[in-house]
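Participant:
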Amino acid sequence: MESTGQNPLQGNQTPLMDFILLGFSDVPDLQGFLFGVFLIMYVIILMGNSLIIIITKVDPSLQTPMYFFLRNFSFLEICYVSVTAPRLLTDLCRQNRRISFLSCATQMYFFLVFGATECLILTTMAYDRYVAICNPLLYPLIMNHRLCIQLAVSCWITGIPVHIGFTYLIFSLPFCRSNHLNHFFCDIPPVLKLACGDTFMIEMLVYAVSLLVVTIPFMLILGSYGKIISTILKLPSAAGRAKAFSTCSSQLMVVVLFFGSATTTYLSPKSSNLTGTDKFLSLFYTIVTPMFNPIIYCLRNKDVMVALKKFLLKWIVL
């Protein structure tokens with residue numbers, strides 16, 4: 001990969017070896033505070049999602065398709081956050097924030113793959129709730145173990161080939177403006193800002209992929225929950241309506257938080273992107289939302305709360 005040097009006025013060409021992640025270097029007095037905050041959030045994400053994985057695996061009452069997908073989702077959240085959080089924490093503790101060209105491409109690739117997987121798993125979870133509430137008699141037949149495995153595997157592998165090519169195209173661009181990446185990880189918008197030459201086709205590809213991976217799943221989820229809410233309102237039992245709303249509202253909150261921030265970042269016009277806003281939104285869907293996910297699923301799901309209490313009491317007795 002060849003690119004011009006950091007000074008665009010130089011005529012010679014030099015290989016681009018690395019980027020410098022500026023991150024939050026513009027607030028040097030807050031580095032220690034930010035490190036503490038992000039470390040606590042990362043630990044909460046790891047512990048909360050690990051706990052959900054354990055209790056949905058060991059508790060007999062949670063061996064259903066819904067909790068099978070929740071277990072996949074919790075494991076995915078750990079992977080998704082671990083792509084960016086350790087690097088962010090490390091950069092907050094050191095002056096040298098260089099990241100190699102290959103490492104930057106690798107980070108972007110895994111971030112995109114896990115992000116696409118999250119969109120698909122949330123869509124699958126919405127479909128599971130749609131079948132359970134709108135077609136309860138057929139639910140065991142439709143959502144059988146084989147289909148659940150197939151859906152989960154499809155969610156995990158669908159984004160792999162797409163984002164290999166997508167990441168390759170982005171990092172095949174010439175970078176001639178600077179190697180200072182004004183972000184805390186290698187995301188698409190800040191990397192494209194450093195590219196020179198015509199990036200129009202790549203930007204259109206970003207919109208197309210975002211449409212397929214983010215917008216269409218989001219619309220499918222909203223359609224599913226529209227049907228679900230309509231069905232819930234027709235339930236004769238107030239207790240049944242309350243339980244159904246409790247289960248679905250937690251998932252809908254997670255969907256709105258994740259898709260709302262991601263859509264704003266990837267589908268907003270390039271010219272309207274403000275650096276500070278970009279960083280805030282990125283923090284929101286990379287760390288803040290994943291931190292709230294286990295809290296939302298635990299506190300708003302009575303079955304999970306009961307299983308959690310049983311699990312904790314068992315360990316306290318031991």
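Number 76 in the working numbering belongs to position 76 of the sequence shown; there are no gaps in the numbering.
Note that the Cβ used here is the ideal one computed from N, Cα and C, for glycine as well.
(1) Tell me which residues share the same chain as tyrosine 67 and place their Cβ nearer than 7 Å to its Cβ, disregarding the 5 neighbours each side in the sequence.
(2) Would the stretch 281-297 count as touching the stretch 249-261 if we require 3 or more Cβ pairs under 8 Å?
(3) When the Cα atoms are used, what is the spatial distance from asparagine 12 to leucine 283?
(4) Within a Cβ cutoff of 7 Å, which residues of the same chain sit near proline 65, ignoring the five residues on either side of it in sequence?
(5) Would you say cysteine 248 and isoleucine 228 are within 9 Å of each other, going by their C-beta atoms?
(6) Here's the rule I'm using: 16 or more other beta-carbon atoms within 10 Å means buried, otherwise exposed. How should phenylalanine 280 be labelled?
(7) Look at valine 162 and alanine 116 and say whether their C-beta atoms are less than 9 Å apart.
(8) Once the 5 residues before and after leucine 120 are set aside, which same chain residues still bring their CB inside 7 Å of it?
(9) Below 8 Å, can you find three or more Cβ-Cβ pairs linking the stretch 130-146 to the stretch 91-98?
(10) Do cysteine 196 and the ligand ADP come close, with the Cβ less than 8 Å from some heavy atom?
(11) In chain order, what residues of the same chain lie with their CB nearer than 6 Å to the CB of proline 294, ignoring the 5 residues before and after it?
(12) Distance check for cysteine 176 and isoleucine 20, CA to CA, integer angstroms please.
(13) Please state whether DSSP places leucine 92 in a helix, a strand or coil.
(14) Rank Leu92, Ala239, Ala152, Tyr266 by C-alpha distance to the C-alpha of phenylalanine 73 and give the top, closest one.
(15) According to DSSP, is arginine 97 part of a helix, a strand, or is it coil?
(16) With distances taken Cα to Cα, identify the nearest neighbour of leucine 76 among Gln63, Met108, Leu39, Phe114.
(17) Could you pull out every residue in the same chain whose Cβ sits closer than 6 Å to the Cβ of valine 213, ignoring the five residues on either side in sequence?
(18) Tell whether a beta-carbon distance below 9 Å holds between methionine 17 and phenylalanine 101.
(19) Can you tell me whether DSSP reads phenylalanine 19 as helix, strand or coil?
(20) Would you list the one or two residues that DSSP bridges to histidine 183?
(21) Short of 7 Å in beta carbon distance, which residues of its chain neighbour tyrosine 358, apart from the five on each side in sequence? Order them along the chain.
(22) Starting from the C-beta of glycine 23, find all residues in its chain whose C-beta is less than 8 Å away, skip the five residues before and the five after it, and write them out in chain order.
(23) Can you list, in chain order, the residues of its chain with a C-beta nearer than 6 Å to that of glycine 197? Leave out the 5 residues immediately preceding and following it.
(24) Short of 6 Å in beta carbon distance, which residues of its chain neighbour cysteine 186, apart from the five on each side in sequence? Order them along the chain.
(25) Under three-state DSSP, which class holds phenylalanine 175?
(26) Return the bridge partner residues of alanine 195 from the DSSP annotation.
(27) Determine the burial state of tyrosine 168: buried for a count of at least 16 other Cβ atoms within 10 Å of its Cβ, exposed for fewer.
(28) Report buried or exposed for isoleucine 316, applying the criterion of at least 16 other Cβ atoms within 10 angstroms of its Cβ.
(29) How big is the Cα-Cα spacing for leucine 78 and methionine 125?
(30) Given a cut-off of 9 Å, decide if aspartate 303 and serine 82 are closer than it, judged by their beta-carbon atoms.
Facilitator: Once the coordinates are examined:
(1) Thr56
(2) yes
(3) Low per-residue confidence applies at asparagine 12: pLDDT is 44, beneath 50, and the placement is therefore not dependable, though the value from the model is reported in the following sentence. Roughly 38 Å separates the two Cα atoms.
(4) Asp128, Met143, Cys148
(5) yes
(6) exposed
(7) yes
(8) Cys155, Thr158, Pro217
(9) no
(10) The model depicted lacks the ligand ADP and carries no ligand whatsoever.
(11) Gly48, Asn49, Ile52
(12) 14 Å
(13) coil
(14) Ala152
(15) coil
(16) Phe114
(17) Ala116, Cys119
(18) yes
(19) strand
(20) Histidine 183 is not bridged to any residue.
(21) Residue coverage of the chain in this structure runs from 1 to 318, which leaves residue 358 outside it and unanswerable.
(22) Leu88, Asp91, Leu92, Arg97, His183, Phe184
(23) Pro174
(24) Cys104, Gln107, Met108
(25) strand
(26) Phe175
(27) exposed
(28) exposed
(29) The identity of residue 78 in the sequence shown is isoleucine, whereas the question assumes leucine. Near 18 Å, if we compare the C-alpha coordinates of methionine 125 and isoleucine 78.
(30) no
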